Structure formats: C-alpha cells, structure tokens
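Each remark here refers to the structure printed beneath this line.
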Ligand SMILES: [Zn+2]
C-alpha cells in the first residue's frame, strides 16, 4: 500500500530575538556568535504559548488545507522534548482541539530533536497495515538553553503537523530508514530546567555520523544519488551543520535552500525537520523528490525519501499560512522582555 | 477554578462551539441548553454550532492592573469581538501592542494558555484572538 503525506501545517511564534541582543547582556560578542552559528534571529514563544498550543495551531493549519473528517483520524503522536506535562499527554488536548476525540490512540514521543519524525514513521506503519485510516504526527518544541549558555543563542520554538494516510497523497513516502546508537552528546534529567551537553560528543560522533549513516543507507536502499532529489532537508541545530553535512553527502546549497530555516528562526528541535519539510512542500511541484533526514541527540537519525504527486495541486495550500509567511510575520524583543517571556526571571509565588 | 468545571467547558473553550436553537435559529455562546426566546419550544432542539473563529473588535480595554497569573502578560487587552456569525464573544487580544488594537480590527481565534493552578496544577487552554493577518499574495507559478 502506498503511504504518504495527505496534508501538512506549520506554526511559529511571532516573537524573535537577535544574537547581538543576547550577547549584549552576557558580555559575549553577539556578532561572532551569529557568524559562528549562522543564526540571525530565533523565535521566542509568548508566555501563553507552549508545545500544546503550537501543536494545535499546526494541526489546525493542516486540517484547513484538506477535507479529511477529523473523526477519521485514528492516531496522534506528538514528538517533543518540552511537553508541558511530565505526565498527561500533549496529544490528548490536541485531539480534542481538532475534533478527533475520542475514538483514536494517542501518545507523546520523546527523542530529542527527532521525535516528530519518529511519529511519522509510526503513523506510516499503522496506516500501511490498515490499522488506521489517517494518523497525525507532530514535531514541536519550546526549548530553552541556560542563560548565557551557547544553546541560548539557538534554542527556539515552533512546530509542524503531518496527516499521514493512503488516499489523496500529496507526497508519497517511498521509504524511510533509521540509524540509532547510544551516544552521550546531549541530555536532560527529569526535573532539570536546562539540558546538558557532552562537549566533544556534539559534532562528528553525533550529528554528522548519524545523519551520514542514515542518508547513505537510504540512498543505497533506493539506489539513488543526491542529484536525483529536487530538495533536501537536514536537521539544523545551527545554520552551519546542515550546510556541511549536505556538502559531505554531495548535495548542493541550492537543494537545501528551501528547507533551511534555522538562520531565521533558530533551532526548533523536534520542529526543525518537520518545519523544513513543510517549507519545501509549500513550493514543491509534482514529481519533485525530497530527501529529509532528522537527527535526535542520544542519538539517532530518521531518513525519508519522498516524492511529490499531482495531488499537491489539489491541496488548498493557500488555506493556511506558508512557512515563509510565518517566518516573515515577526516582531523583535529586547533581552529583558525575552527573559520575562521565557520565565527566566524568578517571580514571587514561582510563576513557570 | 475547579478542575471539573473547567473541564466541562473544554469544547466551547477549545473549539468555540456554541449552541444553535433548532426552533428559531438563534446562536448562543457560551452554549445554552434552553433558548431564552423560545423557552419550552427549544427543549431538545439545541444543537452544537462551531464558530469559524473570525470577527472584529467592537470595544476593548487595556488591563494594567493584572491578577498575579497574568503578571507576565500585562498590559494586555480584553475585547468584545463581534463574530462573523453575528454573536459576541469576550476574549484577550494577543500578539500585538495594546496601541495597535482598534475598534473594527479584524481578528482570528487561536488557542493559548488561559491559566494554571500553580506550578504543579492543571493548565487551562482556550481561545484568544490575534490580529487577522491578511492572506498572503498568491505566489507566481514557478
Ligand atoms: Zn429559539
């Protein structure tokens, strides 16, 4: 059975902060940070936004583009490392808010930055086996770096939702494969506000090794080469890593352009590849082949080979904002307002 | 507010679901179980009706003296919105400066956190309104 994307939707908070503004407060060279990370601004959620609200807005944008009855959705998986509750699934609220309750299965996923793509794979299995008609996979985060930590320059917020099914597929998922190991590059213990990273583990043995392995394995299975793809999307913890990994694999800068968002919105973690892919689907034409590879610390990579179908022309893409619309609809904050929004200021009574 | 009371109102707060009288066709938000115009004739005829979520600001007020829950958001705007379906809903207008809000401004409902029962309590979600962004210009075919 052919399985693929039936619809998709994205959401980004409106607020942004620039690395120069963060650097000004911490006495760090913000311009140098911006150049090193290739990040010009990052998105910041409002105090009343979290992974539940971002997931719902993305899922509603997804439903606006198609005519699928929400009652036909048999599963919702929300991947995030910043679920508002430690115990009570984000997906329960999402299901209710898009009218999919109560006859469906729901679970929250966690795998650092690749929990959203893990949800897509699960939905593919459930749809492909005939267990459900449609499944929804969402990747969303409102991640934080400790004040003054390098992660503070990149950790941002946003998400995207995918409706996976076997009818009216706008983008067929030809194949997916993963590569997973026990690598201590980045983690956060229960109850800790901010994550820790394993210094020398963050680059080569983590991001690059896993993405390269999953990508090469997928191209081997598909007997394909980089030139076969119109677009490629790689996980983007900063603006530089995806450019470097693309080059190492043999993809051009032009191929990754449409899906490269981190320079403008920062690292949206579980939202990163889902948003990058949404940005590609916003402009994709029938026949376009897309290569998408997520990476999650801990560590693992999920790779996807996707082919856009003629159905994309029937999808009401203009019924919801494009990723570009969301990226450009922005408002900059100063650091003090940002710190207040993100609960970095300790309040009497302990808000946040 | 009690968890149970809030939970009972999840559907109207998440999805702006009101009630429509099957006798006279009037809409109510929040939903009612009996139509105040038709009384007994409406019993058993009140059905759910989902608002589209778009409307315009009829009047508004800027809140500077906020309850402690809303301390992080002040000053914030509370407005009465005339929904496109003709009924009025009160809600917060967000994602813009209070100075940008004006009477007649088109808004669109979004879901946000409304509050929480302290750091370990339940979180409440529901509608707020943000300025309606004009639909993007159609992209030229590539
Ligand atoms: Zn009536």
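Residue numbers (my numbering), protein chains in the order written: chain A, 8 to 359; chain B, 1202 to 1343. The beta-carbon is built from N, C-alpha and C at its ideal position, and this holds for glycine as well. Treat the numbers as computed from the prediction; the structure is a model and nothing was measured.
**Message:** Beta carbons nearer than 9 Å to chain B: which residues of the segment 46-75 of chain A have them?
**Reply:** For the segment 46-75 of chain A, the beta-carbon criterion of a distance under 9 Å to any beta-carbon of chain B is satisfied by 53, 54, 55, 56, 57, 59, 60, 63, 64 and 67.
**Message:** Just to be sure I understand the criterion: a residue counts if its Cβ is closer than 6 Å to at least one heavy atom of ligand 1. Which residues meet that?
**Reply:** With the cut-off at 6 Å, the residues found are B/1222, B/1224, B/1225, B/1227, B/1236, B/1238, B/1239 and B/1243.
**Request:** Rounded to whole angstroms, what's the CA-CA distance from residue 1219 of chain B to residue 268 of chain A? Just pull it up for me.
**Result:** Counting only the Cα atoms, residue 268 of chain A lies some 39 Å from residue 1219 of chain B.
**Item:** Proximal residues of chain B, C-beta to C-beta of residue 336 of chain A below 8 Å
**Value:** Those within 8 Å of residue 336 of chain A in chain B are 1334.
**Cβ of residue 103 of chain A within 8 Å of any chain B Cβ** = Proximity of residue 103 of chain A to chain B, defined by a Cβ-Cβ separation below 8 Å, is satisfied.
**Item:** Proximity below 8 Å, CB of residue 167 of chain A to CB of residue 148 of chain A
**Value:** No, these two residues do not count as a Cβ contact at 8 Å.
**Request:** Have a look at residue 1314 of chain B and residue 1270 of chain B and give me their C-alpha separation to the nearest angstrom.
**Result:** Whole-angstrom Cα-Cα distance: 11 Å.
**Prompt:** For residue 178 of chain A, which residues of its own chain have a beta-carbon under 6 Å away from its beta-carbon, when the five flanking residues on both sides are left out?
**Reply:** Cβ neighbours of residue 178 of chain A beyond the five flanking positions: 11, 12, 313 and 315.
**Item:** Contact check, residue 265 of chain A vs residue 286 of chain A, beta carbons under 8 Å
**Value:** Yes.
**Message:** Let me make sure I understand the geometry here. Which of A/75, A/103, A/71 and A/114 has the alpha-carbon closest to that of residue 86 of chain A?
**Reply:** The option with the nearest alpha carbon to residue 86 of chain A is A/114.
**Request:** Could you have a look at residue 252 of chain A and say whether DSSP puts it in helix, strand or coil?
**Result:** Residue 252 of chain A: helix per DSSP, three-state reduction.
**Asked** Can you name the residues that DSSP bridges to residue 1257 of chain B?
**Response** Per the DSSP secondary-structure output, residue 1257 of chain B pairs in a beta bridge with B/1283 and B/1307.
**Whole-number beta carbon distance between residue 162 of chain A and residue 130 of chain A, since they are thought to touch under 8 Å** = In fact, because the Cβ distance is near 27 Å, the residues do not count as touching under 8 Å.
**Item:** Residue interval of the alpha helix (DSSP H) (run including residue 337 of chain A)
**Value:** Run containing residue 337 of chain A: none; DSSP gives neither H nor E here.
**Prompt:** Got a sec? Which residues, its chain only, sit under 6 Å from residue 234 of chain A by beta carbon, not counting five neighbours each side?
**Reply:** Non-local C-beta neighbours of residue 234 of chain A in its own chain, meaning closer than 6 Å and more than five positions away in sequence, are absent.
**Message:** Within 8 Å of any Cβ in chain A, is that where the Cβ of residue 1296 of chain B sits?
**Reply:** Chain A, which has a Cβ nearer than 8 Å to the Cβ of residue 1296 of chain B, makes this yes.
**Prompt:** Hey, would you say residue 14 of chain A sits closer than 8 Å to residue 322 of chain A, going by beta carbons?
**Reply:** Residue 14 of chain A is a Cβ neighbour of residue 322 of chain A, given a cutoff of 8 Å.
**Asked** With 8 Å set as the bound, which would you pick, yes or no: does the beta-carbon of residue 1314 of chain B sit closer than that to a beta-carbon of chain A?
**Response** Chain A contact via Cβ: present.
**Item:** Segment limits, alpha helix (DSSP H) that includes residue 60 of chain A
**Value:** Start and end: 58-71.
**Prompt:** Taking only beta-carbon atoms, is residue 91 of chain A less than 8 Å away from chain B?
**Reply:** Cβ-Cβ to chain B under 8 Å: yes for residue 91 of chain A.
**Request:** Can you tell me the Cβ-Cβ gap for residue 145 of chain A and residue 65 of chain A, rounded? I've got them flagged as a contact below 8 Å.
**Result:** That belief holds up - the Cβ atoms of residue 145 of chain A and residue 65 of chain A are roughly 6 Å apart, short of 8 Å.
**Request:** Ignoring anything shorter than 3 residues or poking outside the segment 279-307 of chain A, list the beta strand (DSSP E) runs there in chain order.
**Result:** Entirely contained in the segment 279-307 of chain A, the beta strand (DSSP E) runs reaching 3 residues are, in chain order, 296-303.
**Item:** 6 Å Cβ shell around residue 1231 of chain B - same chain, five flanking residues per side excluded
**Value:** Cβ within range, chain order: 1213.
**Beta-ladder partner(s) of residue 1293 of chain B, from DSSP** = By DSSP's assignment, residue 1293 of chain B forms a beta bridge with B/1279.
**Segment contact, 8 Å Cβ cut-off, at least three pairs: the segment 325-345 of chain A with the segment 17-31 of chain A** = Here the segment 325-345 of chain A makes contact with the segment 17-31 of chain A; the two share three or more CB pairs at distances below 8 Å.
**Item:** Backbone secondary structure at residue 43 of chain A - three-state DSSP
**Value:** If DSSP states are grouped into helix, strand and coil, residue 43 of chain A belongs with the helices.
**Asked** In chain B, which residues lie less than 7 Å from residue 21 of chain A when you measure between Cβ atoms?
**Response** What residue 21 of chain A touches in chain B: 1296.
**Item:** Contact with chain A by residue 1257 of chain B, beta-carbon distance below 8 Å
**Value:** Not one chain A Cβ lies under 8 Å of residue 1257 of chain B.
**Prompt:** residue 347 of chain A versus chain B: which residues are under 7 Å apart at the beta carbon?
**Reply:** Residues of chain B passing the Cβ test: 1273.
**residue 1326 of chain B at chain A interface by Cβ criterion, 8 Å** = Nearest CB-CB separation between residue 1326 of chain B and chain A: below the 8 Å threshold.
**Message:** Residues of chain A with CB closer than 7 Å to the CB of residue 1215 of chain B, please, in chain order.
**Reply:** Within 7 Å Cβ-Cβ: 103 and 104.
**Sufficient close CB pairs (3 or more, under 8 Å) joining the segment 287-294 of chain A to the segment 99-110 of chain A** = Contact between the segment 287-294 of chain A and the segment 99-110 of chain A is absent, with fewer than three C-beta pairs closer than 8 Å.
**Prompt:** Hey, is the segment 1203-1212 of chain B in contact with the segment 50-62 of chain A, meaning 3+ C-beta pairs nearer than 8 Å?
**Reply:** In the pairwise beta carbon analysis, the segment 1203-1212 of chain B is classified as not touching the segment 50-62 of chain A: fewer than three pairs are separated by under 8 Å.
**Closer than 8 Å at the beta carbon, the chain B residues around residue 100 of chain A** = Here the neighbours are 1215 and 1326.
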